[in-house]
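Chains as they are written, first to last, in our numbering: chain B, 1 to 800; chain R, 1001 to 1206.
Encoded structure:
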């Protein structure tokens, strides 16, 4: 059999792969603790016999015994310099064994390390490790490659690229899934399929995992989108460890009972993994008899993928919004961050846009003063782990686009490829190599054509070129080219004509929505209306600001009217909150100022309290009255709500901060300022060696709100500093905080020394590891579990 | 030297329920209005943006064990009766660590000192729970890899809890070379960044 005959067979029958080799050789005497590959190379008889048995059982493709044959794995046995010798030797053994009776697939497995962005291995290094193994396997004469038992989509990509960049032999790629049909790093079956088939895998599948039942589900999920044949190599169920031996309890009969399900699910090739034997393969062959494989029937629309999700684009689905906000143009804060190599704003835009309906995120980091390529790589790596949305790589530089596509663990969209000859020549091969979809921009060196007809001429030319690289219509998204109607009243109509033409001719389409209204007032109305007009013409994607309400309002109203929003739950949730908000504002205005100040403290509204206090003062309310009759009762009310557990920590602190803001406004106006000297004094610190202070800081805030004068010494404070300060200010209380078992021991010496030096103050302690028993043991007067309890204890200890 | 696996960016969903529990919310009694809830939700999201979870793990064979201690082949001795009991059947011990990074605690401190302690407290809670969630993810990954060998991890145990001294953090720190992922350790065995966590688990038959 050769590859050509394999392809013919695949159209007519389901092809049989082999079963387990490593586990089976162990049963047959391979010692544990050795390097399996080296052992088999030095003792080939067992391997040869086993592979002969698989061929006799019906296997049409045999794997080389090289699952752990990378430099990274062989290094565990000090064999990292023997990659070529071991892989070529084992491939040659299998080649000889198979003769003309079976094809030999070079078996490639995981390295045991995860490449970036998830792991720490550089992606290029990972590809190089695999290239070395591929080289050895090619030398041994393999007919094709099988990359298997992959845990991480990025590692699978690295191995696939290593093969594709080394030779033109076919390559099968399979990943291992858990009981929820996700890989270890969270990729679902459809995202696996889309990513790998677009990157050039000739066959995609699932192996190992928890057993045949779960792998059937994986194949079922992949099939509707598969443009390549699918394969499965399940384990014989989950293993058990019996007296140090790994045993797979599932027998051949049970394993084979899943064969029909696999055929129905749509596999084109089937074999077995750990725990399966030649008997299993023989029984599967009998069960298959003359079963015909299901035809490939991938639905005709474009699909993008991230490492954890897919976005389907096509006329049957609703318009996909591409979030445009990750772009430094006009965004000072984002520009500053990118210059410093920071990405908080990028993450924020990603989060906000995804929450507001963007299914794809456009990523543009082009600006002067930075290394665009490196910044793009960092942004893509970061976004790959923080958002599920597939990404659109937006740059005018082919180098930047290529660098991004290489490391992106999914199928990306390129924004964009135009008819400019030099760019077309550079970008089409890059897009093809990495399997990206691309936005086709119908412009040339001559500029932007005004009419739809001229744009369509360019579209046809670009598509003709793209077809040479294997692109189909659904891989391409035609940009209608939106120009502002403020300078050309026909602009919108021409764009709509292009969109209509795209739909009629089977292409996806996209528009940069906000361009249409540039220079005009009420832009959102224009954008929204244009969006609706374009959708009626068949628009499939729009680059827009998802936070611009109009776009989302339209989509939500449409979903409601078409019965897609059950019980109008989403629509009501989105819009009734806003109505309630304005109603609330009206009702707040109608209550008197005193109540409003009280509410501001209770609700923790520090933004409004200053204005409310100003209103009260203008209304001739006395500052002391505001403090005594409104602020203090309000904070006491908060304490009650906290005690009743209606409030918890954030509300307590928000109220304390509102109180603090209000009190700060009034402090200078208060009468009887001498009373301030009667405030109880608290010296507070986190003890020496301890750097935790958040709890202590909250206690400081709340104590101040309740009228204590607080001297906060910070964290990691020496006992000498604490005692000196307490003496200096005449502290009523020394309050100590510690969070670790190693630092709480510092508390007792402080209390003892302070007492020895004649201080009459009381001692209060707190912190995660501290208890009331501990407080008693070390001679403290009180223990507080939290900030509010600290107030109660402080009041008790001082009688204030 | 034992191979240590490092993670540069572990995708983690903020365990919102755990954050709220850490902040003291009692589900049956809490009564806050929509705007307070929205503020809380917004602050939790802000905390999520600031966390970048890195991690590391490595497995070490058990050299000796008794009812009071476990000794690894690299010489580390964990003295703890509870741990020895939990991991009695383990022939291999996994050491693991995760950190939420510096950015979140720097921001927390900035917010508290500039008058938004509410935000500071919430993102502090988010960072603590997200770092823990990072350890959960590492455990999950290891479990999924060893299940094929018929193995699983025991419940995890951490230095400073029960009868395992905090000083054990130093041994784990050295074994995992955590400086590689930006973690340092003080002479009081505190980890920096503050929102860093370590744990130990045994590999046992399923």
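Beta carbons are placed, not taken as given, at the ideal position from N, Cα and C, and that holds for glycine.
Open item on the list: Taking 8 Å as the threshold (C-beta atoms), are residue 537(B) and residue 499(B) in contact?
Closed with: Residue 499(B) sits at position 499 when you count from the first residue of the first chain. Residue 537(B) sits at position 537 when you count from the first residue of the first chain. Yes, they are a contact pair.
TODO: Please look up how many angstroms separate the CB atoms of residue 417(B) and residue 441(B), rounded, as I've assumed it's under 8 Å.
DONE: Within the first chain, the letter at position 417 stands for residue 417(B). Within the first chain, the letter at position 441 stands for residue 441(B). Rounded, the Cβ-Cβ distance is 7 Å, consistent with contact.
Task: Touching by the beta-carbon criterion (3+ pairs, under 8 Å), the stretch 254 to 271 of chain B and the stretch 285 to 303 of chain B - done: The stretch 254 to 271 of chain B makes contact with the stretch 285 to 303 of chain B; the number of CB pairs closer than 8 Å reaches 3 or more.
Task: Per-residue burial, residue 229(B) [other beta carbons within 10 Å of its own, 16 or more giving buried] - done: Here residue 229(B) refers to the residue found at position 229 when the first chain is read from its first residue. With 16 or more Cβ atoms within 10 Å of its Cβ, residue 229(B) is classed as buried.
Open item on the list: Taking only three categories from DSSP, how would you classify residue 245(B)?
Closed with: The residue given as residue 245(B) occupies position 245 in the first chain. Strand at residue 245(B).
Open item on the list: Tell me the DSSP secondary structure of residue 801(B) in three-state form.
Closed with: Beyond the ends of chain B as shown, which are 1 and 800, falls residue 801(B); an answer cannot be given.
- [ ] Answer yes or no: does any C-beta atom of chain B fall closer than 8 Å to that of residue 1101(R)?
- [x] Working through the second chain from its first residue, we reach residue 1101(R) at position 101. Among the CB atoms of chain B, none fall inside 8 Å of the CB of residue 1101(R).
- [ ] To the nearest angstrom, report how far apart residue 790(B) and residue 639(B) are at their CA atoms.
- [x] Translated into positions along the first chain, residue 790(B) becomes position 790. Translated into positions along the first chain, residue 639(B) becomes position 639. The alpha-carbon of residue 790(B) is positioned some 12 Å away from that of residue 639(B).
TODO: Name the two residues that bound the continuous alpha helix (DSSP H) containing residue 1145(R).
DONE: In the second chain, residue 1145(R) corresponds to position 145, counting from 1. For residue 1145(R), the enclosing alpha helix (DSSP H) stretches over residues 1117 to 1146.
TODO: Please classify residue 62(B): does DSSP put it in a helix, a strand, or coil?
DONE: Working through the first chain from its first residue, we reach residue 62(B) at position 62. Strand at residue 62(B).
- [ ] Taking residue 1173(R) as the query, report the chain C residues whose CB atoms sit under 7 Å from its CB, ordered along the chain.
- [x] The displayed structure is made up of protein chains B and R, and chain C is not among them.
Open item on the list: For the stretch 332 to 352 of chain B, list every residue whose C-beta sits within 7 Å of some C-beta in chain R, in sequence order.
Closed with: For the stretch 332 to 352 of chain B, the beta-carbon criterion of a distance under 7 Å to any beta-carbon of chain R is satisfied by 344, 347, 348, 351.
Task: Run of the beta strand (DSSP E) containing residue 681(B), from where it starts to where it stops - done: Looking up residue 681(B) in the first chain gives position 681. Residues 681 to 686.
TODO: Could you check if residue 768(B) is buried or exposed, using at least 16 other CB atoms within 10 Å of its CB as the buried criterion?
DONE: Taking the first residue of the first chain as position 1, residue 768(B) is located at position 768. With fewer than 16 other CB atoms across the displayed protein chains lying within 10 angstroms of its CB, residue 768(B) is exposed.
Task: Residues from the stretch 1023 to 1046 of chain R in contact with chain B, defined by Cβ distance under 9 Å - done: Cβ proximity to chain B below 9 Å picks out 1023, 1024, 1025, 1026, 1028, 1029, 1030, 1031, 1032, 1033, 1034, 1035, 1036, 1038, 1039, 1040, 1043, 1045, 1046 from the stretch 1023 to 1046 of chain R.
Task: Stretch-stretch touch, CB-based, cutoff 8 Å, three pairs: the stretch 82 to 93 of chain B with the stretch 126 to 138 of chain B - done: As far as the Cβ criterion goes, the stretch 82 to 93 of chain B touches the stretch 126 to 138 of chain B, which means the pair count is three or higher.
TODO: May I ask you to list, following chain order, the residues of the stretch 722 to 750 of chain B that have a beta carbon less than 8 Å from some beta carbon of chain R?
DONE: From the stretch 722 to 750 of chain B, only 740, 741, 742, 743 have a Cβ closer than 8 Å to chain R.
TODO: Can you give me the Cβ contacts of residue 14(B) inside the same chain, cut-off strictly under 7 Å, excluding the 5 residues immediately before and after it?
DONE: By one-based count along the first chain, residue 14(B) stands at place 14. For residue 14(B), where only same-chain residues beyond five positions count, the Cβ hits under 7 Å are 263, 267, 268, 269, 270, 288, 291, 293.
- [ ] Please confirm whether residue 1120(R) and residue 1129(R) have their CB atoms less than 8 Å apart.
- [x] Here residue 1120(R) refers to the residue found at position 120 of the second chain. Here residue 1129(R) refers to the residue found at position 129 of the second chain. Annotated as distal: residue 1120(R) and residue 1129(R), with beta-carbon spacing of 8 Å or more.
TODO: For the stretch 1147 to 1181 of chain R, enumerate the residues whose C-beta is nearer than 7 Å to any C-beta of chain B, in chain order.
DONE: Under the 7 Å Cβ criterion, the stretch 1147 to 1181 of chain R contributes 1147, 1148, 1149, 1150, 1151, 1160, 1166.
Open item on the list: Checking 8 Å against the spacing of the C-beta atoms, do residue 91(B) and residue 70(B) come in under that value?
Closed with: Counted from its first residue, the first chain places residue 91(B) at position 91. Counted from its first residue, the first chain places residue 70(B) at position 70. Taking 8 Å as the cut-off, the Cβ atoms of residue 91(B) and residue 70(B) do not count as close.
- [ ] Would you verify that the beta carbon of residue 1189(R) is, or is not, closer than 8 Å to some beta carbon of chain B?
- [x] Position 189 of the second chain holds residue 1189(R). Output row for residue 1189(R): interface = yes.
Open item on the list: My parser needs the alpha helix (DSSP H) runs of 4 or more residues fully inside the stretch 774 to 800 of chain B; what are they?
Closed with: Complete alpha helix (DSSP H) runs here, min 4: 787 to 798.
Task: Partner residues on chain B for residue 1122(R), Cβ-Cβ distance less than 8 Å - done: Along the second chain, read from residue 1 onward, the residue named residue 1122(R) stands at position 122. Below the 8 Å Cβ cutoff, chain B contributes 650 as neighbours of residue 1122(R), in chain order.
Task: Bounding residues of the alpha helix (DSSP H) (the contiguous stretch that carries residue 803(B)) - done: Not covered by the structure: residue 803(B). The range shown for chain B is 1 to 800.
Task: Residue environment, residue 1211(R), which counts as buried when at least 16 other CB atoms sit within 10 Å - done: Missing from the structure shown is residue 1211(R); chain R here goes from 1001 to 1206 and no further.
- [ ] Give a yes or no on whether 8 Å exceeds the smallest Cβ distance from residue 118(B) to chain R.
- [x] For the purposes of this step, residue 118(B) is taken as residue 118 along the first chain, with counting starting at 1. Yes, its Cβ sits closer than 8 Å to a Cβ of chain R.
- [ ] Use the C-beta contact count for residue 697(B): other C-beta atoms within 10 angstroms, 16 or more gives buried, fewer gives exposed.
- [x] For the purposes of this step, residue 697(B) is identified with residue 697 of the first chain, where counting begins at 1. Buried: at least 16 other Cβ atoms inside 10 Å.
TODO: Quick one: give me the first and last residue of the alpha helix (DSSP H) that residue 135(B) is part of.
DONE: As a first step, residue 135(B) is located in the first chain; it is residue number 135 there, counting from the start. Segment 123 to 139, the alpha helix (DSSP H) holding residue 135(B).
Task: Three-state secondary structure (DSSP) of residue 168(B) - done: For the purposes of this step, residue 168(B) is taken as residue 168 along the first chain, with counting starting at 1. Of the three classes helix, strand and coil, the one that applies to residue 168(B) here is coil, per DSSP.
Open item on the list: In whole angstroms, give me the CA-to-CA distance for residue 520(B) and residue 540(B).
Closed with: Within the first chain, residue 520(B) is the residue found at index 520, counting from 1. Within the first chain, residue 540(B) is the residue found at index 540, counting from 1. Counting only the Cα atoms, residue 540(B) lies some 26 Å from residue 520(B).
Open item on the list: Using a 10 Å radius around the Cβ and a threshold of 16 neighbouring Cβ atoms, would you call residue 1068(R) buried or exposed?
Closed with: Position 68 of the second chain, counted from the start, is the residue given in the question as residue 1068(R). Label assigned to residue 1068(R): exposed.
Open item on the list: So, with DSSP's three-state summary, where would you put residue 530(B)?
Closed with: Position 530 of the first chain, counted from the first residue, corresponds to residue 530(B). Three-state DSSP puts residue 530(B) in a helix.
Task: Residues from the stretch 759 to 781 of chain B in contact with chain R, defined by Cβ distance under 7 Å - done: The residues in question: there are none.
TODO: Indicate the three-state DSSP secondary structure (helix, strand or coil) for residue 184(B) in the structure shown.
DONE: Counting from 1 along the first chain, the entry for residue 184(B) is found at position 184. Three-state result, residue 184(B): coil.
Open item on the list: Per DSSP, what are the beta-bridge partners of residue 208(B) in this structure?
Closed with: Here the question's residue 208(B) lines up with position 208 in the first chain. BP columns for residue 208(B) point to 234(B).
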